[in-house]
Amino acid sequence: MQNQKIVILGTGGTIAGLAKDASSNLDYTAAQVRVSDLVGAAPGLRSNSTMETEQVAQIDSKDMSFPVWTALAKRVQHHLARCDVEGVVITHGTDTVEETAYFLQAVLGPAKPVVLTCAMRPASALEPDGPQNLSDAILVAGHAGAQGVVVVCAGLVHSAVDVQKIHTQQLNAFGSGDAGVLGLVERNSLKMSRKWPLAQQIRAQAATKNIAILNQTEAWPKVDIVMNYAGASGAVVDALFVLGVQGIVVAGTGNGTVHQAMEAALLQAQAGGVQVVRATRCTQGRVLPRADDRFPHSDGLSPVKARISLMLRLMGVGVGI
Ligand code: SIN
Numbered sequence: 004m005q006n007q008k009i010v011i012l013g014t015g016g017t018i019a020g021l022a023k024d025a026s027s028n029l030d031y032t033a034a035q036v037r038v039s040d041l042v043g044a045a046p047g048l049r050s051n052s053t054m055e056t057e058q059v060a061q062i063d064s065k066d067m068s069f070p071v072w073t074a075l076a077k078r079v080q081h082h083l084a085r086c087d088v089e090g091v092v093i094t095h096g097t098d099t100v101e102e103t104a105y106f107l108q109a110v111l112g113p114a115k116p117v118v119l120t121c122a123m124r125p126a127s128a129l130e131p132d133g134p135q136n137l138s139d140a141i142l143v144a145g146h147a148g149a150q151g152v153v154v155v156c157a158g159l160v161h162s163a164v165d166v167q168k169i170h171t172q173q174l175n176a177f178g179s180g181d182a183g184v185l186g187l188v189e190r191n192s193l194k195m196s197r198k199w200p201l202a203q204q205i206r207a208q209a210a211t212k213n214i215a216i217l218n219q220t221e222a223w224p225k226v227d228i229v230m231n232y233a234g235a236s237g238a239v240v241d242a243l244f245v246l247g248v249q250g251i252v253v254a255g256t257g258n259g260t261v262h263q264a265m266e267a268a269l270l271q272a273q274a275g276g277v278q279v280v281r282a283t284r285c286t287q288g289r290v291l292p293r294a295d296d297r298f299p300h301s302d303g304l305s306p307v308k309a310r311i312s313l314m315l316r317l318m319g320v321g322v323g324i
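Residue numbers (this note's numbering): 4 to 324.
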């Protein structure tokens, strides 16, 4: 009876959303349907006895919070440690799923699969996309050799590091940029085109230590994101410095470039002890280092993921990426 079960954790999102009018895919309230009911509506690939559900949160993912992340990481770690569990699926809103996926990969570096899934249409839609996405996610979580944190949406499997929401409306709302998807689900079978995310870069002990740090941390480090644009000034950076920010990620233009007025403010903040990281507002490509760099680059991470990485670093959490 080893590795028989998939545990499905619910956190809310459009996949659990309801509209008053089934023909409306826009005017609905996210996070209304319990995860146990979502599983009941997904095209069945497994018997119910091989699945377990647990409602960890019930939120619109734009409201994702540090306490929910900590609670989720703890429940994922708990279930992955069970020898009768082969993987965990998480139902989540599309808006911040890439952040939660990156956070879980960084903190847990799991050797078993953790598959986040979501939907662009509410559960009440005439043709909802959630049931198929959930069914695909369960298939991926049960795939032999699967490991690490991935996001499954519209038949595509994305790694936690590369995935980004790139469309506001389309059902296929996610991209993996230059890296490309890890694989695709076709007719109930998974075809991999890249390797699974590396597991065990942090060991189970390190994950336990990471969770302990998250548990003990009452206030997470204050790290914010500022964007560069034509006519940018140093005003937002100066205000953040006065407010006691510990880190700033700049969503720079192009190769992470920053307006000279903003750069002056960032240098002043850096001299005052603020950690500054340079990312790019471009959705494709990575920031490459240059000889005259004043700020470290984000190592290919998008601004939102570079922010999570910096917060975790400031907390002393070992990053399993
Ligand atoms: C959310 O992110 O919770 C709402 C939007 C969505 O899931 O598409």
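No residue lacks a Cβ here, since even glycine has one placed at the ideal position from N, Cα and C.
Contact check, leucine 48 vs serine 138 under 8 Å by CB: the rounded distance?
Along the sequence shown, one-based indexing puts residue 48 at 45. Along the sequence shown, one-based indexing puts residue 138 at 135. About 6 Å separates the two Cβ atoms, so the contact holds.
Going by DSSP, name the residue or residues bridged to serine 192.
Translated into the one-based positions of the sequence shown, residue 192 becomes position 189. The partner list for serine 192 (beta bridge, DSSP) reads Glu189.
Within 7 Å: the Cβ of alanine 126 and any heavy atom of the ligand SIN?
One-based indexing of the sequence shown puts residue 126 at position 123. Exclusion of alanine 126 from the 7 Å shell around the ligand SIN follows from its C-beta lying no nearer than that to any non-hydrogen atom of the ligand.
Following the continuous alpha helix (DSSP H) through lysine 8, name the residue where it begins and the one where it ends.
To locate residue 8, count along the sequence shown from 1; it is residue 5. Per DSSP, lysine 8 lies in no alpha helix (DSSP H); the unbroken beta strand (DSSP E) holding it starts and ends at 8-15.
Of the residues Gln167, Ala235 and Ala207, the one placed nearest glycine 303, counting alpha carbons only
Here the question's residue 303 lines up with position 300 in the sequence shown. Per the Cα distances, Gln167.
Given this structure, state the Cα-to-Cα distance separating proline 113 from alanine 268, to the nearest angstrom.
The residue labelled residue 113 in the question sits at position 110 within the sequence shown. The residue labelled residue 268 in the question sits at position 265 within the sequence shown. Answer to the nearest angstrom: the Cα atoms are 39 Å apart.
Glycine 43 - containing alpha helix (DSSP H), residue span:
Within the sequence shown, the letter at position 40 stands for residue 43. First-last of the alpha helix (DSSP H) with glycine 43: 38-44.
Continuous alpha helix (DSSP H) stretch holding glycine 133: start and end:
Position 130 of the sequence shown holds residue 133. Per DSSP, glycine 133 belongs to the alpha helix (DSSP H) from 133-144.
Taking buried to mean at least 16 other C-beta atoms within 10 Å of its own C-beta, is tyrosine 232 buried or exposed?
Sequence index remark: in the sequence shown, residue 232 carries index 229 (1-based). Within a 10 Å sphere around the beta-carbon of tyrosine 232 sit fewer than 16 other beta-carbons, which makes this residue exposed.
Cβ-based neighbour list, threonine 56, same chain, cut-off 6 Å, excluding 5 preceding and 5 following:
Within the sequence shown, numbered from 1, the residue matching residue 56 stands at position 53. Excluding residues within five positions, the ones whose Cβ falls inside 6 Å are Ile11, Val38, Ser39 and Val42.
First through last residue of the beta strand (DSSP E) which encompasses proline 116:
Position 113 of the sequence shown, counting from 1, holds the residue named residue 116. 116-120 is the extent of the beta strand (DSSP E) around proline 116.
Can we say the segment 272-281 touches the segment 250-263, given the rule of at least three CB pairs closer than 8 Å?
Between the segment 272-281 and the segment 250-263, the count of C-beta pairs closer than 8 Å reaches three or more; the two stretches touch.
Nearest-angstrom Cα separation, counted from alanine 209 out to valine 88:
Taking the first residue of the sequence shown as position 1, residue 88 is located at position 85. Taking the first residue of the sequence shown as position 1, residue 209 is located at position 206. Using only the alpha carbons, I get a separation of about 20 Å.
Work out the CA separation of valine 307 and alanine 272 for me, nearest whole Å.
For the purposes of this step, residue 272 is identified with residue 269 of the sequence shown, where counting begins at 1. For the purposes of this step, residue 307 is identified with residue 304 of the sequence shown, where counting begins at 1. The C-alpha of alanine 272 lies about 20 Å from the C-alpha of valine 307.
If you scan the segment 54-126 from start to end, which runs of the beta strand (DSSP E) of 3 or more residues do you find wholly inside it?
Every unbroken stretch of the beta strand (DSSP E) spanning 3 or more residues and falling wholly within the segment 54-126 is given here in chain order: 54-62, 88-94 and 116-120.
So is the beta-carbon of aspartate 63 under 7 Å away from any non-hydrogen atom of the ligand SIN?
Here residue 63 is taken as the residue at index 60 of the sequence shown, counted from 1. Checking the Cβ of aspartate 63 against the ligand SIN gives yes.
Are three or more beta carbon pairs between the segment 117-136 and the segment 95-105 nearer than 8 Å?
Verdict: yes, contact present.
Consult DSSP for leucine 313 and reduce its assignment to one of helix, strand or coil.
Within the sequence shown, the letter at position 310 stands for residue 313. Here DSSP, grouped into helix, strand and coil, assigns leucine 313 to helix.
Can you have a look at serine 305 and say buried or exposed, based on whether 16 or more other CB atoms are within 10 angstroms of its CB?
Locating residue 305 in the sequence shown gives position 302, counting from the first residue. With 16 or more neighbouring CB atoms inside 10 Å of its own CB, serine 305 falls in the buried class.
So threonine 256 is in the alpha helix (DSSP H); what residue range does that whole segment cover?
As a working note, residue 256 is residue 253 in the sequence shown. Where threonine 256 is concerned, there is no enclosing alpha helix (DSSP H), because DSSP gives it neither an H nor an E.
Using the DSSP secondary-structure output, state which residues sit across from glycine 20 in a beta bridge.
Locating residue 20 in the sequence shown gives position 17, counting from the first residue. Looking at the DSSP assignment, glycine 20 forms no beta bridge with any residue, so it has no partner.
Three-state secondary structure (DSSP) at glycine 180?
Mapped onto the sequence shown, residue 180 falls at position 177. Three-state result, glycine 180: helix.
Straight-line Cα distance separating alanine 309 from valine 322:
The residue given as residue 322 occupies position 319 in the sequence shown. The residue given as residue 309 occupies position 306 in the sequence shown. Taking C-alpha positions only, valine 322 is separated from alanine 309 by approximately 12 Å.
Could you check whether the segment 154-174 touches the segment 93-101, counting it as contact only if at least three pairs of C-beta atoms, one from each stretch, sit closer than 8 Å?
Short answer: they touch.
Verify whether the separation of the beta carbon atoms of isoleucine 214 and alanine 109 is less than 8 Å.
Mapped onto the sequence shown, residue 214 falls at position 211. Mapped onto the sequence shown, residue 109 falls at position 106. For the 8 Å CB-CB criterion, isoleucine 214 and alanine 109 do not form a contact.
Apart from the five residues just before and just after isoleucine 36, which ones in its own chain have a Cβ nearer than 6 Å to its Cβ?
In the sequence shown, counting from the first residue as 1, residue 36 sits at position 33. First, the residue type needs correcting, since residue 36 is valine and not isoleucine in the sequence shown. The beta carbon of valine 36 lies closer than 6 Å to those of Ala19 and Ala126 in the same chain, with the five residues before and after it left out.
For aspartate 132, count neighbouring C-beta atoms within 10 Å of its own C-beta (all shown protein chains included) and say buried if the count is 16 or more, exposed if not.
Start at 1 with the first residue of the sequence shown, and residue 132 comes out as number 129. That one is buried.
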